[in-house]
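Going down the list, the sequences are from chains A and B. When you number the first sequence by my numbering, it's gap-free, plus one each residue, and the end is 488. When you number the second sequence by my numbering, it's gap-free, plus one each residue, and the end is 459. Note that beta-carbon positions come from the ideal geometry of N, C-alpha and C, so glycine has one too.
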Amino acid sequence: MSQASDTIKLPLTFDTAAAESLAAPLSPGQLAWRRFKRHRMALLGGVGLIALVAFILIGSVLYTEKYANRNDVVHRLEAPSSGHYFGTDSIGRDLFARVIYGGQISLIIGLLSVALALLLGTTIGGLAGYYGGGLDSILMRFTEAALSIPSLFLLIILGKLFGSEIPTLRLMGRTFSGSVIVVILVIGLTSWMYLARIVRANILSLREMDYIAASRALGVSNFRILTRHLIPNTIAPIIVAATLGLANAIISEAYVSFLGLGVQPPTASWGNLMDQSISLIQRGVWWMWLFPSMFIVITILFTNFVGDGLRDALDPRRKV
Amino acid sequence: MTTYIVRRLIQGVFILMIITTVSFGLTRLSSDPMAQYTLGRISAEDRARIRKNLGLDQPLPVQYFKWLNLAARGDFGYSITNRQPVSELIMQRLPQTLVLMVTAEVVIIALSALLGIYSAIKQYSLFDNVLTGLSFVGFSLPIFFIALTLMFIFAVQFKVWGLPYLPTGADVWDFKEPYELIRHLVLPVASLAIIQVAGYTRYLRSSMLEVLSQDYIRTARAKGLVEQAVVVRHALRNAALPLVTLIGLDAPTLLAGAIVTETVYSWPGMGRLFWQQAGRGDYPTVMAILLIVATAVVVFQIITDVAYTLIDPRIRLS
Chain A
169 MSQASDTIKL
179 PLTFDTAAAE
189 SLAAPLSPGQ
199 LAWRRFKRHR
209 MALLGGVGLI
219 ALVAFILIGS
229 VLYTEKYANR
239 NDVVHRLEAP
249 SSGHYFGTDS
259 IGRDLFARVI
269 YGGQISLIIG
279 LLSVALALLL
289 GTTIGGLAGY
299 YGGGLDSILM
309 RFTEAALSIP
319 SLFLLIILGK
329 LFGSEIPTLR
339 LMGRTFSGSV
349 IVVILVIGLT
359 SWMYLARIVR
369 ANILSLREMD
379 YIAASRALGV
389 SNFRILTRHL
399 IPNTIAPIIV
409 AATLGLANAI
419 ISEAYVSFLG
429 LGVQPPTASW
439 GNLMDQSISL
449 IQRGVWWMWL
459 FPSMFIVITI
469 LFTNFVGDGL
479 RDALDPRRKV
Chain B
142 MTTYIVRRLI
152 QGVFILMIIT
162 TVSFGLTRLS
172 SDPMAQYTLG
182 RISAEDRARI
192 RKNLGLDQPL
202 PVQYFKWLNL
212 AARGDFGYSI
222 TNRQPVSELI
232 MQRLPQTLVL
242 MVTAEVVIIA
252 LSALLGIYSA
262 IKQYSLFDNV
272 LTGLSFVGFS
282 LPIFFIALTL
292 MFIFAVQFKV
302 WGLPYLPTGA
312 DVWDFKEPYE
322 LIRHLVLPVA
332 SLAIIQVAGY
342 TRYLRSSMLE
352 VLSQDYIRTA
362 RAKGLVEQAV
372 VVRHALRNAA
382 LPLVTLIGLD
392 APTLLAGAIV
402 TETVYSWPGM
412 GRLFWQQAGR
422 GDYPTVMAIL
432 LIVATAVVVF
442 QIITDVAYTL
452 IDPRIRLS
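Pasting the structure below:
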C-alpha cells in the first residue's frame with residue numbers, strides 16, 4: 169500500500185535515481201532504511217551504540233575478568249590516573265575494567281529482559297485483541313492492575329522474591345552471579361504492559377480487515393492468523409516499543425542494582441558499580457558513580473535516538 | 142457523569158483487588174517474616190508459637206482474606222519488625238513524602254508551563270533550540286545520576302570550596318524547623334524536577350505549537366486581543382489537556398519515583414520506608430504502602446478524567 173503511493177509519486181521528479189527506483193520498486197524495508205538514514209540523530213545513535221559495543225568487546229579482550237574482579241586493598245579508592253583510568257573502588261578493583269564487564273552484563277540484561285517483555289506483551293496483547301470478550305476484559309484489567317503499581321515497587325518486591333537464594337552460574341567458562349537471571353526475569357515481568365496495550369489496540373483494528381476475513385473463510389487456524397498475519401502487521405510499533413524498552417530496561421537494572429537488590433558482586437553491572445556511592449560521595453569520591461552513570465546515560469541517549477528514528481522510519485505514511 | 146464516576150470507582154475497586162491479591166502473594170512468598178527471629182536463640186516451640194500468634198501458620202488465602210478484611214476497615218495491623226502499628230509508622234513518614242511530592246509537583250508544573258510556553262512562542266529561537274536539546278538529554282537521565290551529581294556539586298564540593306553549601310541529608314535535622322526543611326528540600330526537589338520538567342516541556346511545547354497554528358488563535362489576534370490573553374486564555378487552555386493527563390498519571394508515581402531520591406538524600410519518607418521494610422519481609426507495612434500508592438494511582442486517574450471535562454467542555458464522560 170505504502171509502496172504503491174511512494175512509487176507513484178516518483179515519476180513527477182525527473183532525475184535518474186527516481187527512474188531507477190521506478191524500474192525496481194523498493195521493498196518496505198529499503199524505504200524504511202532510507203527514512204532512517206535521513207534522521208541524523210538516529211544515525212548518530214546507531215553509530216554510537218555500535219561504538220559502545222565495540223568498546224566493550226575490545227575491552228573484554230584487553231582486560232581479563234579476573235583482573236576486573238581482583239581486589240587490591242592497598243590501592244583502594246584511588247582517583248583516576250594513568251594506571252587506573254577510572255580509578256579504583258572501595259576494595260581496590262579497577263573501575264575501567266569493571267565498567268567494561270559491567271557493560272556486558274547491563275546490555276545482556278537489557279536485551280534479554282526486553283525479549284521477555286516482548287514475548288509476554290505480544291502474547292497477552294495479541295490474545296486480548298484477537299479473541300476479545302471475556303478474555304480481553306480479564307487480561308486488560310490485569311494489565312491495568314500491573315500498570316497501577318509503579319514499576320520500582322514491583323521491581324523491589326520481585327527482586328526480593330527471586331533474589332533470596334541465588335546459586336552462581338557457569339557459562340562459557342565464566343562464573344556469573346545468578347542474580348543476573350533474576351534481574352532479567354524481574355525487569356521482563358514488569359515491563360510488558362505498554363507493549364500489550366499497543367499490540368492489542370493494533371490487532372483490534374486489524375482483525376476487522378478484509379484479508380483476515382478472507383483467511384478465516386479459507387479455514388486458516390486462529391493461531392496461524394495471529395502469528396502469520398496479525399502480529400507481523402503490528403511489527404513497526406513493536407520494534408519501536410522494544411527499542412525504547414531497552415533504554416528503560418537498562419535504567420531499571422541500574423535502579424535495582426543501585427538499591428542493592430539487583431546484580432550481586434563480584435559480577436559487575438553498571439548499576440551495582442554505584443551501589444556504595446551514596447556513602448562514599450561524602451568523602452569526595454566522584455569516579456565511582458560518574459563513570460558508570462555516564463555509560464548508562466550515553467547508552468540510553470543513543471537508544472532513544474535510534475528509537476525516535478525508527479518511529480519515523482517505520483511509519484509508512486512518511487515520505488522519503 | 143455521576144454514573145461514570147461510580148462505574149470507574151467500581152472498576153478501581155476491582156483493580157485494587159487484583160493488585161492486593163498478587164502483591165500479597167508475592168510479598169509473603171518473597172521473604173519469611175520469621176527470618177528475623179533466627180538471630181536470638183529461640184526454641185522450636187517458641188518459633189511455632191510466634192508463628193501461630195502472627196497468624197503465619199494459616200494457608201496464604203486465609204491470611205490474605207484476614208488481611209483484606211481488616212485493611213478494608215483501615216486497620217493495617219502491626220509491623221512485623223518493630224511491633225508498631227503500621228498506620229502509625231506510615232503517618233510518621235507520609236507528611237515528609239507529601240511535603241517532598243507536593244513541592245516537587247508545584248515546581249515541576251510551574252517550570253514546565255513557563256518553559257514550554259516560552260519555547261513554543263519563540264519557536265526555533267536560540268532559547269528554543271537549546272531547551273529542546275536539553276530536554277531530550279534531561280529526559281534520558283536516570284534520577285540517581287542527577288541526584289548524585291547535584292549532591293556532589295552543591296553539598297560536597299561547595300563545602301570543600303568554602304561556599305555556602307546545601308546538606309546531603311545524612312545529617313541530623315529537625316523536620317519542623319522551616320529553614321532546615323527548605324535547606325533539605327532544595328536538592329531532592331531539584332532532582333525530581335529536572336527529569337519531569339524535561340518531559341513535560343517537550344509535550345507542552347509541541348501541543349502549544351499545534352494550538353497556536355489554529356484558526357481561532359488568528360481570530361483572537363485579529364479581534365485585537367493582547368498577546369498575553371491569546372496565549373494564556375486561548376492557547377494554553379487547549380494545549381494543557383495532554384499535560385493534565387500526564388500529570389494525573391505521574392503524580393502518584395512520584396511516591397515511588399521518590400524511592401531513589403529519598404534513598405540518596407536520606408529523606409525520611411514513605412518510599413525509603415518501603416524499600417527498607419520490603420528487605421525485612423515486613424509484609425503488613427509493604428502491603429499498606431502498596432495499597433496507598435495503588436489507590437492514589439486509581440483515584441488520580443478518575444480525577445484526571447473529571448478534570449478533562451472542566452478544562453474542555455466538549456468532552457463528555459459516558
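Could you give the distance in angstroms between the alpha-carbon of methionine 462 (chain A) and the alpha-carbon of leucine 201 (chain B)?
As a first step, residue 462 (chain A) is located in the first sequence; it is residue number 294 there, counting from the start. As a first step, residue 201 (chain B) is located in the second sequence; it is residue number 60 there, counting from the start. Straight-line Cα distance between these residues: approximately 45 Å.
Span separating the alpha-carbon of isoleucine 468 (chain A) from that of glutamine 272 (chain A)
For this step, residue 468 (chain A) is matched to residue 300 along the first sequence. For this step, residue 272 (chain A) is matched to residue 104 along the first sequence. In this structure, the straight-line span from the alpha carbon of isoleucine 468 (chain A) to that of glutamine 272 (chain A) is close to 15 Å.
Does the Cβ-Cβ distance between glycine 475 (chain A) and valine 367 (chain A) come in under 8 Å?
On the first sequence, residue 475 (chain A) is found 307 positions in, with the first residue counted as 1. On the first sequence, residue 367 (chain A) is found 199 positions in, with the first residue counted as 1. Against a cut-off of 8 Å, the Cβ pair of valine 367 (chain A) and glycine 475 (chain A) comes out as no contact.
Give a yes or no on whether 8 Å exceeds the smallest Cβ distance from glutamine 450 (chain A) to chain B.
By 1-based counting over the first sequence, the position of residue 450 (chain A) is 282. For glutamine 450 (chain A), the nearest CB of chain B lies under 8 Å from its own CB, placing it at the interface with that chain.
Extract the residue ranges of the alpha helix (DSSP H) inside the stretch 356–403 of chain B, only unbroken runs of 4 or more that lie entirely within it.
If we require 4 residues or more, the alpha helix (DSSP H) runs fully inside the stretch 356–403 of chain B come out as 356–363 and 378–391.
Exposure of arginine 365 (chain A), with buried meaning 16 or more beta-carbon neighbours within 10 Å
Your numbering for residue 365 (chain A) matches position 197 in the first sequence. Note on arginine 365 (chain A): 16 or more other CB atoms within 10 angstroms of its CB, so buried under the neighbour-count rule.
Starting from arginine 149 (chain B), trace the alpha helix (DSSP H) both ways and give me its first and last residue.
As a working mapping, residue 149 (chain B) is identified with position 8 in the second sequence. Looking at the DSSP string, the run of the alpha helix (DSSP H) that includes arginine 149 (chain B) is 143–171.
For chain A, check one thing: does any of its Cβ atoms lie closer than 8 Å to the Cβ of glycine 420 (chain B)?
In the second sequence, counting from the first residue as 1, residue 420 (chain B) sits at position 279. It does: the Cβ of glycine 420 (chain B) has a partner Cβ on chain A nearer than 8 Å.
Could you give the DSSP three-state label for leucine 448 (chain A): helix, strand or coil?
Stepping through the first sequence from its first residue, residue 448 (chain A) is reached at position 280. Note: leucine 448 (chain A) maps to helix in three-state DSSP.
Compare the C-alpha of threonine 343 (chain A) against each of A:Pro434, A:Arg238, A:Ser447 and A:Pro460 and name the closest.
On the first sequence, residue 343 (chain A) is found 175 positions in, with the first residue counted as 1. Among A:Pro434, A:Arg238, A:Ser447 and A:Pro460, the Cα nearest to that of threonine 343 (chain A) belongs to A:Pro434.
For the 8 Å Cβ check, are there 3 or more pairs between the stretch 364–376 of chain B and the stretch 411–423 of chain B?
With fewer than three CB-CB distances shorter than 8 Å, the stretch 364–376 of chain B does not count as touching the stretch 411–423 of chain B.
Look at the alpha carbon of phenylalanine 264 (chain A) and the alpha carbon of alanine 247 (chain A), and state the distance between them as a whole number of angstroms.
Residue numbering aside, residue 264 (chain A) sits at position 96 when the first sequence is read from its first letter. Residue numbering aside, residue 247 (chain A) sits at position 79 when the first sequence is read from its first letter. The alpha-carbon atoms of phenylalanine 264 (chain A) and alanine 247 (chain A) are separated by roughly 12 Å.
Do the CB positions of tyrosine 423 (chain A) and leucine 320 (chain A) come within less than 8 Å of each other?
As a working mapping, residue 423 (chain A) is identified with position 255 in the first sequence. As a working mapping, residue 320 (chain A) is identified with position 152 in the first sequence. Cβ distance < 8 Å, so tyrosine 423 (chain A) and leucine 320 (chain A) count as in contact.
Across which residues does DSSP place arginine 338 (chain A) in a beta bridge pair?
Stepping through the first sequence from its first residue, residue 338 (chain A) is reached at position 170. Partner(s): A:Thr343.
Please report whether the beta-carbon of phenylalanine 491 (chain A) lies at a distance below 8 Å from any beta-carbon of chain B.
Look at the range of chain A in this structure, 169 to 488, and you will see that residue 491 (chain A) is not part of it.
Contact set between methionine 292 (chain B) and chain A, taken where Cβ atoms lie within less than 7 Å:
Within the second sequence, residue 292 (chain B) is the residue found at index 151, counting from 1. Neighbours of methionine 292 (chain B) on chain A, chain order: Ile449.
Of all the residues that make up the stretch 296–311 of chain B, which are near chain A by a beta-carbon distance shorter than 9 Å?
For the stretch 296–311 of chain B, which is checked against every Cβ of chain A, the residues closer than 9 Å are Ala296, Val297, Gln298, Val301, Thr309 and Ala311.
With a floor of 4 residues, list each alpha helix (DSSP H) that falls wholly inside the stretch 203–260 of chain A, ordered by position along the chain.
Segments of the alpha helix (DSSP H) lying fully in the stretch 203–260 of chain A: 208–230 and 233–236.
Hey, leucine 167 (chain B) and methionine 411 (chain B): beta-carbon distance below 8 Å or not?
Your numbering for residue 167 (chain B) matches position 26 in the second sequence. Your numbering for residue 411 (chain B) matches position 270 in the second sequence. Leucine 167 (chain B) is not a Cβ neighbour of methionine 411 (chain B), given a cutoff of 8 Å.
Beta carbons nearer than 7 Å to chain D: which residues of the stretch 344–366 of chain A have them?
This model lacks chain D altogether, as its protein chains are A and B.
Identify which residue in B:Ser260, B:Pro425, B:Ile183 and B:Glu318 has its Cα closest to the Cα of leucine 275 (chain B).
One-based indexing of the second sequence puts residue 275 (chain B) at position 134. Of B:Ser260, B:Pro425, B:Ile183 and B:Glu318, the residue nearest in Cα terms is B:Ser260.
With a cut-off of 8 Å, does the C-beta of leucine 329 (chain A) fall near any C-beta of chain B?
As a first step, residue 329 (chain A) is located in the first sequence; it is residue number 161 there, counting from the start. Yes - at least one Cβ of chain B is within 8 Å of the one on leucine 329 (chain A).
Relative to the C-alpha of glycine 477 (chain A), which candidate in A:Gly294, A:Gln198, A:Leu199 and A:Arg208 has its C-alpha closest?
By one-based count along the first sequence, residue 477 (chain A) stands at place 309. Minimum Cα distance to glycine 477 (chain A) is reached at A:Arg208.
Does the beta carbon of arginine 479 (chain A) sit closer than 8 Å to a beta carbon anywhere in chain B?
As a working mapping, residue 479 (chain A) is identified with position 311 in the first sequence. No, because no Cβ of chain B sits closer than 8 Å to the Cβ of arginine 479 (chain A).
Residue range of the alpha helix (DSSP H) that includes serine 228 (chain B):
Taking the first residue of the second sequence as 1, we reach residue 228 (chain B) at position 87. Run containing serine 228 (chain B): 227–262, per the alpha helix (DSSP H) assignment.
Opening and closing residue of the alpha helix (DSSP H) in which serine 373 (chain A) lies
To locate residue 373 (chain A), count along the first sequence from 1; it is residue 205. Its alpha helix (DSSP H) spans residues 361–374.
CB contact flag (threonine 336 (chain A), isoleucine 371 (chain A), <8 Å)
On the first sequence, position 168 is the one that residue 336 (chain A) refers to. On the first sequence, position 203 is the one that residue 371 (chain A) refers to. Taking a C-beta distance under 8 Å as the contact criterion, threonine 336 (chain A) and isoleucine 371 (chain A) do not qualify as a contact pair.
What distance in whole Å lies between the Cβ atoms of phenylalanine 254 (chain A) and phenylalanine 459 (chain A), which are believed to be in contact at a cut-off of 8 Å?
Working through the first sequence from its first residue, we reach residue 459 (chain A) at position 291. Working through the first sequence from its first residue, we reach residue 254 (chain A) at position 86. Contact holds; Cβ gap of about 5 Å.
What's the C-alpha gap between arginine 457 (chain B) and leucine 384 (chain B)?
Within the second sequence, numbered from 1, the residue matching residue 457 (chain B) stands at position 316. Within the second sequence, numbered from 1, the residue matching residue 384 (chain B) stands at position 243. Cα to Cα, arginine 457 (chain B) sits roughly 19 Å from leucine 384 (chain B).
Looking at chain B, is there any beta carbon in it that lies within less than 8 Å of the beta carbon of proline 318 (chain A)?
In the first sequence, counting from the first residue as 1, residue 318 (chain A) sits at position 150. Flagged as an interface residue toward chain B: proline 318 (chain A), by a C-beta distance shorter than 8 Å.
Taking 8 Å as the threshold (beta carbon to beta carbon), is methionine 308 (chain A) in contact with chain B?
For the purposes of this step, residue 308 (chain A) is taken as residue 140 along the first sequence, with counting starting at 1. Answer no: the Cβ-Cβ gap between methionine 308 (chain A) and chain B never drops below 8 Å.
Contact with chain B by valine 408 (chain A), beta-carbon distance below 8 Å
Residue 408 (chain A) sits at position 240 when you count from the first residue of the first sequence. Cβ-Cβ to chain B under 8 Å: no for valine 408 (chain A).
DSSP state of tyrosine 406 (chain B) mapped onto helix, strand, coil
By 1-based counting over the second sequence, the position of residue 406 (chain B) is 265. Three-state DSSP puts tyrosine 406 (chain B) in coil, outside helix and strand.
Identified DSSP bridge partners for aspartate 262 (chain A):
One-based indexing of the first sequence puts residue 262 (chain A) at position 94. A:Thr256, per the DSSP bridge assignment.
Residues bridged to phenylalanine 219 (chain B) by DSSP?
Translated into the one-based positions of the second sequence, residue 219 (chain B) becomes position 78. The sequence shown places tyrosine at residue 219 (chain B), rather than the phenylalanine named in the question. According to DSSP, tyrosine 219 (chain B) bridges with B:Pro226.
For leucine 326 (chain A), return the contacting residues in chain B, with the cut-off set at a CB-CB distance below 7 Å.
Here residue 326 (chain A) refers to the residue found at position 158 when the first sequence is read from its first residue. Taking a Cβ-Cβ cut-off of 7 Å, the neighbours of leucine 326 (chain A) in chain B comprise Leu167, given in sequence order.
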